[in-house]
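Numbering (this note's numbering), first residue to last: 32 to 214. Glycine included, each C-beta is placed from N, C-alpha and C at the ideal position. Working notes, beginning with the structure itself.
Here it is in structure tokens:
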């Protein structure tokens, strides 16, 4: 739906004025890097897209280098990863990074916190390239933050494509006793 709203807005407010209408084709990557790479290899030669819209690590990691070679812009609708921020990159991420968003949330929480003790925060991320990228920036910042207690002192990992995270969350709640889980 967010894509649809973006296309509708652009076509109405910009496209009409310049005589260009954008259309989109949607492909189900199943949030899987191998499926994304396979679809990309099949679709790009036949469709010749001017841009690709992505929404997560498994949708950008396998094509990040290819889009540079193919000169196709990728618009990454979720927060970015450190490897997307480079001068010669072709992936545009409107949100700076997950780590900066979570750091901003943490700063907001500590500004609102009314209790005498520090808020207890857990970071829980899916295991994989993009999850490790997030944690590589976020963990040192959380460990060094004097306004919080960083439960476990490191990110807690979970399966990248879980069917059910309730067992993982229950364990975090019981063992870490958090006020907030960044996930």
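Under DSSP, the beta-bridge partners assigned to residue 107 are 85. With distances taken between CA atoms, residue 99 lies nearest to 120 out of 82, 91, 93, 120.
Out of 165, 152, 110, the CA that lies nearest to the CA of residue 176 is found in 152. A check of alpha carbon separations from residue 168 across 131, 94, 91, 83 identifies 131 as the nearest.
When the five nearest sequence neighbours on each side are left out, the beta carbons in the same chain lying within less than 7 Å of the beta carbon of residue 141 are those of 150, 178, 179, in order along the chain.
In this structure, the CA atom of residue 158 is about 20 Å from the CA atom of residue 107. Secondary structure remark: continuous beta strand (DSSP E) runs of at least 3 residues inside the segment 152-200, in chain order: 187-189. In terms of CA proximity to residue 193, 63 leads the group 39, 37, 63, 54.
The DSSP-derived three-state label of residue 53 is coil. Contact between residue 211 and residue 165 is ruled out by a C-beta separation of about 16 Å, above the 8 Å threshold. Non-local beta-carbon contacts of residue 181 in its own chain, meaning distances under 7 Å to residues more than five positions away in sequence, involve 152, 173, 174 in chain order. For residue 147 and residue 113, the gap between their C-alpha atoms comes out near 35 Å.
Distance from the Cα of residue 69 is smallest, within the candidate group 49, 183, 45, 92, for 92.
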